[in-house]
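Per our numbering, residue 4 is the first one in the sequence shown, and the count goes up by one each step.
Read the structure below first, then the notes.
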Amino acid sequence: MEMRTILESKKSIFRIIGKYFLLALIFLSLQTNSAWSFADLGPYDGHESITNEAFSSGIAGVDFSKGAILQIIRINKKADKLIFGEGEQFQHFDDEFLIEGSLYVKYLRLSVKNLLIAGNEVSLDAYQFRGFRARRVLGLALHAIQDYYSHTNWVEAGNTQINFDLGVNELPPPAPSNIPLCTNDSNDLIAGLGVITSGYWEGFGVACAPLSSNQIKCRHGTPITNNCGGLNKDTAVRPNYDTARSLAVTATQKFVEQVINDIKNDPSLSADVKNEAIRLLADQPSSWNCGCVIYI
Ligand SMILES: [Zn+2]
């Protein structure tokens, strides 16, 4: 009986420590100026689970190794920790950086392909490192693409499919600055809005305050509560999270499929080079030392 009481009190101590450890983690993460996206913190499931789900049954017939998926997820999540100061908004489609975000993912799509087909390494390590770099670039692109569905009003505009222009074309410019997009201190999207916009992120401390920049625009809003409005669908407590998450999974698969097709459909590449590049991306067993030479 005494032993049971000791065990139970030990358990509750661990529960309390665990609870405060989680709160401390959340607090520490909020102290950075880094952006917020589909959150992978404590009880929240975000970029990691979206990416895992997207890759779970292979994409375009290509099975990615567990290690490859892990690398893609690691850099994807790191995108919220990379602090470039002003100008990082395009990586998350924040602050109406719609054109810049779309050009960024288009550029990264091309970069992944170029990394995969360009090389003439003298060692297997160097060859594999090139695959690693390609997956890091892919992870950054996937982060931005996933954020698009959380940070814009694409879902609220009634779209039930992904934006097929993303990764392919430059997106249209945001609405002129005199067009009201949100009311009630930037909290509530104006009903029936015919344009796509995205929320303005001004940091956690002011996430519920009226936007200092332009109060007829929309705020990003606090990701982990529904206490103030805004556009973000970063966690399950936010309205339309399920739809945004589901589109993010589909868009992830679409982008990877496009990268694979960029290689498959390039008439200037030989069949050997194409196969090797896709194997390299997915971290499948390599034929690097089979006598195939990748040289572009
Ligand atoms: Zn983000």
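Each residue gets a CB set at the ideal place from its N, CA and C atoms; glycine is no exception.
Computed from a predicted structure; not experimentally measured.
| query | result |
| --- | --- |
| Once you ignore the five residues that flank T228 on each side, which residues in its own chain have a CB closer than 6 Å to its CB? | none |
| Can you find a heavy atom of ligand 1 that lies under 7 Å from the Cβ of A82? | yes |
| Within its chain, find whatever has a CB closer than 6 Å to the CB of S105; leave out the 5 residues flanking it on each side and keep chain order. | E173, L174 |
| Should A121 go down as buried or exposed, given a rule of 16 or more other Cβ atoms within 10 Å for buried? | exposed |
| Output yes or no for whether 8 Å exceeds the beta carbon distance between G195 and H154. | no |
| Is P270 buried or exposed, if buried means 16 or more other CB atoms sit within 10 Å of its CB? | exposed |
| Using 7 Å as the cut-off, classify the Cβ of S40 as near or not near the heavy atoms of ligand 1, replying yes or no. | yes |
| With DSSP run on the structure shown, which of helix, strand or coil describes D191? | strand |
| Can you grab the Cα-Cα spacing for the pair D245 / A63, in whole Å? | 24 Å |
| Can you give me the C-alpha to C-alpha distance between S68 and T54, rounded to a whole angstrom? | 13 Å |
| Let me check you understand the geometry: is the CB of D150 closer than 7 Å to at least one non-hydrogen atom of ligand 1? | yes |
| Taking 6 Å as the limit between beta carbons, can you name the residues of its chain near D265, skipping five residues before and five after? | K116 |
| Any heavy atom of ligand 1 within a distance shorter than 7 Å of the CB on H146? | yes |
| Verify the contact flag: H223, CB atom, against every heavy atom of ligand 1, threshold strictly below 7 Å. | no |
| Report buried or exposed for G70, applying the criterion of at least 16 other Cβ atoms within 10 angstroms of its Cβ. | exposed |
| Inspect the beta-carbon positions of V65 and L111 and report whether they are closer than 8 Å. | no |
| So, at 7 Å on beta carbons, what are the nonlocal neighbours of G170 in its own chain, with the 5 sequence-adjacent residues on each side left out? | V108, K109, R112, I148, F258, Q261 |
| Excluding the 5 residues flanking Q218 on each side, which residues of the same chain have their C-beta closer than 6 Å to its C-beta? | S189 |
| Cutting at 8 Å between CB atoms, please list the residues of its own chain near K267, excluding the five before and the five after it. | K277, I281 |
| Leaving out the 5 sequence neighbours to the left and right, which residues in its chain are closer than 8 Å to F302 when beta-carbon positions are compared? | For the chain, the structure presents residues 4 to 299; residue 302 sits outside this window and is missing. |
| Just to check my reading of the structure: N79 and V158 have Cβ atoms closer than 8 Å, yes? What is that Cβ distance to the nearest angstrom? | With 8 Å as the limit, N79 and V158 do not qualify as a contact, their Cβ atoms being about 20 Å apart. |
| Who are the Cβ neighbours of E103 in its own chain at under 7 Å, not counting the five residues just before and after it? | F93 |
| For L73, which three-state DSSP category applies? | helix |
| Only counting the same chain, and skipping five residues up and downstream in sequence, which positions put a Cβ closer than 6 Å to that of A254? | I148, I165 |
| Give the secondary structure of N222 by DSSP, where H, G and I count as helix, E and B as strand, and everything else as coil. | The sequence as given places Arg at residue 222; Asn does not occur at that position. In the structure shown, R222 sits in a strand (DSSP, three-state: E or B). |
| Could you give the residue range of the alpha helix (DSSP H) that holds F58? | 50-58 |
| In the structure shown, what three-state DSSP assignment does I62 receive? | strand |
| Considering just the uninterrupted stretch of the alpha helix (DSSP H) at S114, what are its terminal residues? | 101-120 |
| Report buried or exposed for G236, applying the criterion of at least 16 other Cβ atoms within 10 angstroms of its Cβ. | The sequence as given places Lys at residue 236; Gly does not occur at that position. When all chains shown are included, K236 counts as buried. |
| Between F2 and the rest of its own chain, which residues show a CB-CB distance below 6 Å, the 5 nearest in sequence each way excluded? | Since the first residue of the chain shown is 4 and the last is 299, residue 2 is not available in this structure. |
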